[in-house]
Every structure is written in C-alpha cells, then in structure tokens.
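Enquirer:
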Amino acid sequence: MSVSEPLVQRRGFGRAMSGAALPLGILMLVAMMVLPLPVLLLDLFFTVNILMSLLILMVALQTHRPLDFSSFPSLLLLATVLRLALNVASTRIVLSEGHTGTGAAGQVIEAFGAFVIAGNFVVGIFVFAILVIINLVVITKGAGRVSEVSARFTLDAMPGKQMAIDADLNAGVLTAEEATKRREDVAREAEFHGAMDGASKFVKGDAVAGILILAINVIGGLAIGILQHDLSLAEASQLYVLLSIGDGLVAQIPSLLLSIATAIIVTRVSSSQDMAEHIKSEVAMSRAWFPVAGVLGLIGLVPGMPTLLFGGMALAAAAAGYAFYKQETNGSAEEVEDKSKAVEDSDPNSLKVTDVADLSAVTLLLSYPLLSLIDNDNGGPLARRITAVRKEVSQALGFVFPGVRVRDDLGMEANDYRIKVGQIVVAEDKIYPDKKLAMPSGTSRIKVKGIDVKEPTFGIDATWIPPELEFEAEANGYIIIAPETVLATHLSQILYKHAADLIGQDDVQELLDNLSEVVPQLVQSVVPKLMPLHNLTAVLRQILRERIPISDLRRILELLSEMASKNLGVSETAEALRPHLIGLLIQQTTPLNAPLPVIILDSNFEHLLINSAKQSEGDQLLLDSSLAERMVQSLVRINEEQTEANKKPFLVVSPKIRSKLSAFLRQHLADFPVLSFTELPDGRKVEVVATVSGEAEAPSDQ
Numbered sequence: 002m003s004v005s006e007p008l009v010q011r012r013g014f015g016r017a018m019s020g021a022a023l024p025l026g027i028l029m030l031v032a033m034m035v036l037p038l039p040v041l042l043l044d045l046f047f048t049v050n051i052l053m054s055l056l057i058l059m060v061a062l063q064t065h066r067p068l069d070f071s072s073f074p075s076l077l078l079l080a081t082v083l084r085l086a087l088n089v090a091s092t093r094i095v096l097s098e099g100h101t102g103t104g105a106a107g108q109v110i111e112a113f114g115a116f117v118i119a120g121n122f123v124v125g126i127f128v129f130a131i132l133v134i135i136n137l138v139v140i141t142k143g144a145g146r147v148s149e150v151s152a153r154f155t156l157d158a159m160p161g162k163q164m165a166i167d168a169d170l171n172a173g174v175l176t177a178e179e180a181t182k183r184r185e186d187v188a189r190e191a192e193f194h195g196a197m198d199g200a201s202k203f204v205k206g207d208a209v210a211g212i213l214i215l216a217i218n219v220i221g222g223l224a225i226g227i228l229q230h231d232l233s234l235a236e237a238s239q240l241y242v243l244l245s246i247g248d249g250l251v252a253q254i255p256s257l258l259l260s261i262a263t264a265i266i267v268t269r270v271s272s273s274q275d276m277a278e279h280i281k282s283e284v285a286m287s288r289a290w291f292p293v294a295g296v297l298g299l300i301g302l303v304p305g306m307p308t309l310l311f312g313g314m315a316l317a318a319a320a321a322g323y324a325f326y327k328q329e330t331n332g333s334a335e336e337v338e339d340k341s342k343a344v345e346d347s348d349p350n351s352l353k354v355t356d357v358a359d360l361s362a363v364t365l366l367l368s369y370p371l372l373s374l375i376d377n378d379n380g381g382p383l384a385r386r387i388t389a390v391r392k393e394v395s396q397a398l399g400f401v402f403p404g405v406r407v408r409d410d411l412g413m414e415a416n417d418y419r420i421k422v423g424q425i426v427v428a429e430d431k432i433y434p435d436k437k438l439a440m441p442s443g444t445s446r447i448k449v450k451g452i453d454v455k456e457p458t459f460g461i462d463a464t465w466i467p468p469e470l471e472f473e474a475e476a477n478g479y480i481i482i483a484p485e486t487v488l489a490t491h492l493s494q495i496l497y498k499h500a501a502d503l504i505g506q507d508d509v510q511e512l513l514d515n516l517s518e519v520v521p522q523l524v525q526s527v528v529p530k531l532m533p534l535h536n537l538t539a540v541l542r543q544i545l546r547e548r549i550p551i552s553d554l555r556r557i558l559e560l561l562s563e564m565a566s567k568n569l570g571v572s573e574t575a576e577a578l579r580p581h582l583i584g585l586l587i588q589q590t591t592p593l594n595a596p597l598p599v600i601i602l603d604s605n606f607e608h609l610l611i612n613s614a615k616q617s618e619g620d621q622l623l624l625d626s627s628l629a630e631r632m633v634q635s636l637v638r639i640n641e642e643q644t645e646a647n648k649k650p651f652l653v654v655s656p657k658i659r660s661k662l663s664a665f666l667r668q669h670l671a672d673f674p675v676l677s678f679t680e681l682p683d684g685r686k687v688e689v690v691a692t693v694s695g696e697a698e699a700p701s702d703q
C-alpha cells in the first residue's frame, strides 16, 4: 500500500460521513416529533434554532446576488421542519409537565415567557399577536408576492436571455466556455426563483402554525391544569399562559428572522456589492440629505413641535450630507487624477498585437445608425438573423462556419455596412433601419415612392420605403423585406461564395475527429497515411469553391482511398470526386421527382470554347471580350427567367472545358453551377431549358 492511500481513504470516509449527516439529521427531526425529548436537549435545540436563523439572515445580507445563496430554499425548509419539530416536542412537555412549574419546559421557554409577559398575561398575548401580524401579514405576504412575480418574469425572460447569449457568442463577444456558463446561470436563476416561490409558502405556513400551536397550548393547558390537576383558573393561567407564550416566542423569533431573510433574498438586485455596501452607495447622495435637513428644521420651527429633537435630527442630516459631499468631491478628484496619470504613463508609440491584428474569420462592420439592429434592448433582430444564417449555411455545406464578429465603425457613412473575410472587404452596401425594402414582383402595377436602389444580393431594382407606405406597396404586389433580412441575405451569399476561404485545417480536423467516432479505421487509414491533412483541406476547398457540400465526408475518404494509387494533384482529385458528390448540390435546388433544368451550348460555340481552352495556359480560359460578354448576358437572362419560374438551371458542357469555364463564370455569376455531361446523375430526367450560342441576340420586340 502506498503512502497516499490512507490519506485518500480518510478523505473518502470524511466525504461519506458529511454526505450521511443530512439524511441522519432529517431522521432525527422526524423522531423529535414522535419521541419525548429531555428538557436539556430542548433548550439546546432552541438555541441552535436561533443560531441557525441568525446565520441564514447574515448570509442573506452578505450575498451580492440571489443566486449566490442558491441553497436558501432548502435551508429554509430544513429550518422550518426543525422549528415545527421543536414545537411538537415543547407542546408535549408543556401539556404533560406544565403543572409542576414554569421551569418544566426548560430555561429558554421560561425566560422568554417571563421577559415578555412581565407579570401581565394580556400584554404578553398582545405582544405575541403583534409579532405574528408583522411576520404573517407584512413580511411573509410581501415576500411571497415578490417571489411569485420574480418567478414569472424570470421564466418569461429565459428565451430572450438565451438568444442574447447566442448572439454574443456568434458576434465574438463571448467565448464558448463563457456562453456555457451564462446558460447555466440562466437555468439556475429560473430554478432558484421557482424554488423561492414555493419556499415562501413554508414561511407563511410556519407563521400560521405558530398561532394555532399557541392556542392549543393555552386552551389545552388550562383544561389539563383545571380538570386533571385541580388547579384554579388563576394558577393554571399563570403556569400555562407563560409557558405557551414563551414557547411561541422561541419559535416565532427565528421564524421572523427567516421571513426577513426570505424578503431580502427575493428583493435583492444583483450587484458586485453586498447589501450594506449596495444601499450605502445609492443612499450616500449629498443632494438628497440637504433637503431632508431643511425639511426637518422647518418641522422643528412649527409651534408645539419638539424643536430640540427635530433640530438635532436636522443638524445630523446636514452633517451626513456634508460628509457625503466631501466623499463625492474626493472621488471625482481621484478619478480625474487616475485618468490623467493613465494618460501620462501611456506610451504614445507603444502598440499591441490586438491593435493591428484582427483574427476574426468573418467581420460585419456597421455604421452608427445600424447599431440599433443588434441592440439587445430592441430584441437584436440582426443578431438572431446572423445566427440563423450561419446555421443554415453550415448545414448546407457540411462544416461549421466560424462565428461572425459584429463591430461598429464610426468612420463609415451613415447606414453603410461592410463584410470582411479575413482582412479583405468583400462586400459593402447601404440599408436603412427605419425603412423597409420593397421589391417588385410580376404583379406590381405602380411605382412606389422612396429611395431607389439595387438589392445587394441579386442586383434587382428595389425601393426603400417608409413604414407608412408598407401596406400600400403590398397591395400593389411588392414584396416587403425588413432591413435586417436584407443584410442577412447578403451575408448568406458571401458565406456561400467564400466558403472555401473559411475552412481551415482545424475545421477539417474537427470533422475528422467527429467521423472517427463512427469509422475510426477509415479515418486512420486515409489521414495522414494516404493524404496529409493540408492536402485534404486543399481538396475540400476546391470542392467548396463551386458550392458542392462536403457533408458526406465518409464517402469522400472512401473515394480518396480508392484513388490513392493514381497520384493525382489537388485539382485533379477534386474533379475526380465531383461526379460522386454532385447529387448533394442538385438535391438542394431540384426535387427528386422533377426534371433537372439544364442549359447547353450550341455545338459550334462549344467547339470554339474547347479550342480556346487548349490554347489557354493553366486554369484560365481566354475569350474574346465581346464573345464573353454575349455569353454572360445570355446566361444572366436565362437564369433570371428560370428563377422567376422557380427553377435553378445548371450549365452542362464538355468535361474538357468544365473547370476552366466554371472558373471564368465565377467572376461574373457567383452561384451559377457548371456541370460536365459525365456528372449528370443516372436516373434523373433532364430538361433542356435553353441553348447558348456565341452569336448576338436579336432585340426582343417591345
């Protein structure tokens, strides 16, 4: 046995004993209600009850926020059960031994009863009644109401808090660990306020039980003393009323302390200070104390008022106001001095890495008027849209896109925004947060008044209109789009377009780690044995560049293992994988039972492109400028026509020119898919919707 084993065993034994202490304590409380309790133990437990109540009250005063004392509902239940058990035990002794004298139930009960009654039974009963009224009607009822409202509002606010956390996480304000902790705090807060709503009923029931127990002790004691022990009414009253009130006070005072603690917890506002510091920091205002001193001084001058008393209080309030004024002045001076010192100590020539390096993969820069779209007080509509876009694009392309960092740029013109991938601005436009974008449809009949623009994603003519014209525009066939939706749609297009730039080796390794949980041997046999991680990343980037999803990573690795002996380069490997993955792209745009809309090239035009590809070096396709312009215009027109018909066409060409023509068209049509004849999936019906030639089109008749 090693030297550390006895220590580990002792620690394990200690944890077991501490874990068993609570169940044993609860069993003892239940036993106290059934078994007779010696007077000495009764005094001891009454003292422990007062100690426990005071301790709970002091802890409640020192907490910075309600959640810091999350065990309070459980402690409240245990303290209530202890007090009720003591009431049962003391009632048994009072009724059975009360005729022997006022010390029959112990010194604690006798002392409390004698001190409050002071020789007058009526006074004692009224004092006890006032304590019960204060506890039950004022403190307990108010705390119970606050608990109900807090629980309801906390539960109603949970979805908004969760969305705010998700928005901060996506914007880069929080790390994943911080977001997880925030979510746990939100869940614990809801559970705590729900528990407090129920725990406040314990306090109310305990106060009611105190009244009933007092009545039982008095009525039962008098009956037992007179009928069983032949005591006179005066003798029985002197004994049993004193014992009953003493018993009630010993229980009611801890109950009052716990009621105050409950009220403090449920009315506590979260802050970085305990309650005393919190109150002092907010009450210590000189501009509040000086008017108080003046009013008290005026009251003291009224004839008949105790001038000396009110005058003394006015002077005390004025002194307090002056002291707080000095603190405020010194605090302001110290703050200015600290700021001045910080400016003097700072080196104007010093720079930090964080001042010049932004490691965010995607950054959204907003001008000042657009910050209202991400303000959590207004619901943060843009933050929710960005989260939805990121999730949608990640599911569509098969890897987790990095978070979008949202930042303000006060140097930008009003209503402008920019989208950066890495350090490069890839898109910018203008939206109006106080307007809606009206896009005409086929049924639009009139032109609406507003700011005419090109919709940033698809380049369609649109108009920014004020909200009061929204109903009129909809009635005339316009499609109304909120500003955050316009920006989010533009961001979605950018993420699709630059997906290849946003996936890195760490992202690919994360995908491999996830896949290795299902097929570990496949992952180990391919990466890095057959293909290094950086080469696999390059191949996946090549596939994503044409918006083909990489979600079927298992199939990709199986194909790579089969092609390992061919010694293909990155581009050749990606082209070889395309026919097996193209179905993932097609199924996103065309239903399985619908024919695949395709555009083909005129045979003469296609031969011309093949010859041009043979003469072009590398991946470039050299075309005459006028010929290229006519081809792009034709494809744009056909694409718009098919889009209006709710179809997404594919350009199908010879395998010899597919990759070069696709690279050429990506410069003009970002999301126009180009397939080769060999990539058309078997069993799918094909519908030729248009043929493109290199000749100029005749203008259509107006």
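According to the working numbering, the sequence shown holds residues 2 to 703 in order.
Cβ atoms here follow ideal geometry from the backbone N, Cα and C, with glycine treated the same way.
Bear in mind that the values here come from a model prediction, so they are computed numbers and not experimental data.
Given this structure, state the Cα-to-Cα distance separating K455 from G161, to the nearest angstrom.
Expert: Mapped onto the sequence shown, residue 455 falls at position 454. Mapped onto the sequence shown, residue 161 falls at position 160. Those two C-alpha atoms are separated by around 34 Å.
Enquirer: What does P598 pair with, by DSSP beta-bridge criteria?
Expert: For this step, residue 598 is matched to residue 597 along the sequence shown. P598 is bridged to E688.
Enquirer: Is V689 buried or exposed, if buried means 16 or more other CB atoms sit within 10 Å of its CB?
Expert: Working through the sequence shown from its first residue, we reach residue 689 at position 688. Counting Cβ neighbours within 10 Å, V689 comes out exposed, since fewer than 16 surround it.
Enquirer: For R548, which three-state DSSP category applies?
Expert: The residue given as residue 548 occupies position 547 in the sequence shown. In the structure shown, R548 sits in coil (DSSP, three-state: anything other than H, G, I, E or B).
Enquirer: Residues in its own chain within less than 7 Å of G211 by CB, not counting five upstream and five downstream?
Expert: In the sequence shown, residue 211 corresponds to position 210, counting from 1. Counting only Cβ-Cβ distances below 7 Å, and skipping sequence neighbours, we find V133, G249, A252, Q253, S256.
Enquirer: For A463 versus L488, is the C-beta distance shorter than 7 Å?
Expert: Counted from its first residue, the sequence shown places residue 463 at position 462. Counted from its first residue, the sequence shown places residue 488 at position 487. No.
Enquirer: Who are the near neighbours of L541 in its chain, counting only those whose CB is closer than 7 Å to its CB and skipping five residues on each side?
Expert: For the purposes of this step, residue 541 is identified with residue 540 of the sequence shown, where counting begins at 1. For L541, where only same-chain residues beyond five positions count, the Cβ hits under 7 Å are I504, V509, I551.
Enquirer: What do you reckon, are the CB atoms on V40 and G107 nearer than 7 Å?
Expert: Locating residue 40 in the sequence shown gives position 39, where the first residue counts as 1. Locating residue 107 in the sequence shown gives position 106, where the first residue counts as 1. Yes. Within cutoff.
Enquirer: What did DSSP end up calling M564 once you bin it into helix, strand or coil?
Expert: Locating residue 564 in the sequence shown gives position 563, where the first residue counts as 1. Three-state result, M564: coil.
Enquirer: Contact between the segment 650–658 and the segment 596–603: three or more CB pairs below 8 Å?
Expert: Enough Cβ pairs lie closer than 8 Å, so yes.
Enquirer: What does DSSP give as the partner residues of W465 in its beta bridges?
Expert: Here residue 465 is taken as the residue at index 464 of the sequence shown, counted from 1. In the DSSP output, where bridge partners are listed per residue, W465 has L438, I452.
Enquirer: Going by other Cβ atoms of all chains shown within 10 Å of its Cβ, with 16 needed for buried, is S75 buried or exposed?
Expert: As a working note, residue 75 is residue 74 in the sequence shown. Result: exposed.
Enquirer: Grouping DSSP H, G and I as helix and E and B as strand, with all else coil, what is Y433?
Expert: Mapped onto the sequence shown, residue 433 falls at position 432. In this structure, Y433 counts as coil in the three-state DSSP scheme.
Enquirer: Do you know how far the Cα of L578 is from the Cα of L560?
Expert: As a working note, residue 560 is residue 559 in the sequence shown. As a working note, residue 578 is residue 577 in the sequence shown. L560 and L578: Cα-Cα distance of roughly 7 Å.
Enquirer: Going by DSSP, what residue range makes up the beta strand (DSSP E) through K421?
Expert: Position 420 of the sequence shown, counted from the first residue, corresponds to residue 421. First-last of the beta strand (DSSP E) with K421: 417–422.
Enquirer: Suppose only complete runs of 3+ residues qualify. What are the beta strand (DSSP E) ranges in the segment 157–240, listed by chain order?
Expert: Counting only runs of 3 or more, we get nothing.
Enquirer: Please report how far the alpha carbon of N416 lies from the alpha carbon of D625, in whole angstroms.
Expert: As a position in the sequence shown, residue 416 is number 415, starting the count at 1. As a position in the sequence shown, residue 625 is number 624, starting the count at 1. Taking the straight line from one Cα to the other gives about 40 Å.
Enquirer: For E338 and G143, I'd like the C-alpha separation in whole angstroms.
Expert: Position 337 of the sequence shown, counting from 1, holds the residue named residue 338. Position 142 of the sequence shown, counting from 1, holds the residue named residue 143. Here E338 scores only 49 on pLDDT, less than 50, and its place in the model should not be relied on; the value that follows carries that caveat. Looking at the two C-alpha atoms, the distance is approximately 46 Å.
Enquirer: Measuring alpha carbon to alpha carbon, tell me which residue in R556, D502, L534 is nearest L523.
Expert: Along the sequence shown, one-based indexing puts residue 523 at 522. The shortest C-alpha separation from L523 is found at R556.
Enquirer: How is the beta strand (DSSP E) around L666 delimited, first residue to last?
Expert: Walking along the sequence shown from the start, residue 666 turns up at place 665. Counting along the chain, L666 falls outside any beta strand (DSSP E), though it belongs to the alpha helix (DSSP H) covering 659–666.
Enquirer: Taking Cβ positions, are R189 and I166 nearer each other than 7 Å?
Expert: The residue you call residue 189 lines up with position 188 of the sequence shown. The residue you call residue 166 lines up with position 165 of the sequence shown. No, these two residues do not count as a Cβ contact at 7 Å.
Enquirer: Near M532, what residues of its chain come up, given a Cβ to Cβ distance below 7 Å and the 5 sequence neighbours on each side ignored?
Expert: As a position in the sequence shown, residue 532 is number 531, starting the count at 1. Taken in chain order, the residues that qualify are L561.
Enquirer: L310: beta carbon under 6 Å from a heavy atom of the ligand SAM?
Expert: This structure lacks the ligand SAM; in fact it carries no ligand of any kind.
Enquirer: Rounded C-beta distance between I110 and L259? I'm assuming under 8 Å.
Expert: Position 109 of the sequence shown, counted from the first residue, corresponds to residue 110. Position 258 of the sequence shown, counted from the first residue, corresponds to residue 259. Incorrect: roughly 20 Å between the Cβ atoms, too far for contact.
Enquirer: Just to confirm before moving on: does the CB-CB distance between V571 and A539 stay below 7 Å?
Expert: Working through the sequence shown from its first residue, we reach residue 571 at position 570. Working through the sequence shown from its first residue, we reach residue 539 at position 538. Yes; because the gap between Cβ atoms is below 7 Å, this pair is in contact.
Enquirer: Return the chain-ordered list of same chain residues with a C-beta closer than 6 Å to the C-beta of D346, the five sequence neighbours on each side being excluded.
Expert: Taking the sequence shown and counting its residues from 1, the one referred to as residue 346 is at position 345. Because D346 carries a pLDDT of 45, less than 50, the predicted location of this residue cannot be relied on, and the following value inherits that uncertainty. Answer for D346: no residue qualifies.
Enquirer: Thinking C-beta only, is R546 closer than 7 Å to A501?
Expert: Position 500 of the sequence shown holds residue 501. Position 545 of the sequence shown holds residue 546. Cβ atoms of A501 and R546: closer than 7 Å.
Enquirer: In terms of residues, what are the limits of the beta strand (DSSP E) holding V653?
Expert: Position 652 of the sequence shown, counted from the first residue, corresponds to residue 653. 651–654 is the span of the beta strand (DSSP E), which, as asked, contains V653.
Enquirer: Can you tell me whether H230 is buried or exposed, with buried defined as 16 or more other CB within 10 angstroms of its CB?
Expert: For this step, residue 230 is matched to residue 229 along the sequence shown. It is exposed - the Cβ of H230 has fewer than 16 other Cβ atoms within 10 Å.
Enquirer: Quick one: give me the first and last residue of the beta strand (DSSP E) that T644 is part of.
Expert: The residue given as residue 644 occupies position 643 in the sequence shown. Looking at the DSSP string, T644 is not in any beta strand (DSSP E); the run it does join, the alpha helix (DSSP H), is 626–645.
Enquirer: How would you call L366, buried or exposed, if buried means at least 16 neighbouring beta carbons within 10 angstroms?
Expert: Along the sequence shown, one-based indexing puts residue 366 at 365. Buried is the call here.
Enquirer: Terminal residues of the continuous alpha helix (DSSP H) containing D44?
Expert: Here residue 44 is taken as the residue at index 43 of the sequence shown, counted from 1. That run of the alpha helix (DSSP H) goes 40–63.
Enquirer: Out of V128, L228, V267, point me to the one whose CA is closest to G195's CA.
Expert: Locating residue 195 in the sequence shown gives position 194, counting from the first residue. For the residues V128, L228, V267, the minimum Cα distance to G195 belongs to V267.
Enquirer: Would the beta-carbon of L411 fall within 7 Å of that of Y369?
Expert: Your numbering for residue 411 matches position 410 in the sequence shown. Your numbering for residue 369 matches position 368 in the sequence shown. Yes, these two residues count as a Cβ contact at 7 Å.
Enquirer: What distance in whole Å lies between the Cβ atoms of P682 and I583, which are believed to be in contact at a cut-off of 8 Å?
Expert: Within the sequence shown, residue 583 is the residue found at index 582, counting from 1. Within the sequence shown, residue 682 is the residue found at index 681, counting from 1. Going by Cβ atoms, the distance from I583 to P682 rounds to 7 Å, so yes, they are a contact pair.
Enquirer: What span of residues does the alpha helix (DSSP H) with D514 cover, start to end?
Expert: On the sequence shown, residue 514 is found 513 positions in, with the first residue counted as 1. Its alpha helix (DSSP H) spans residues 506–517.
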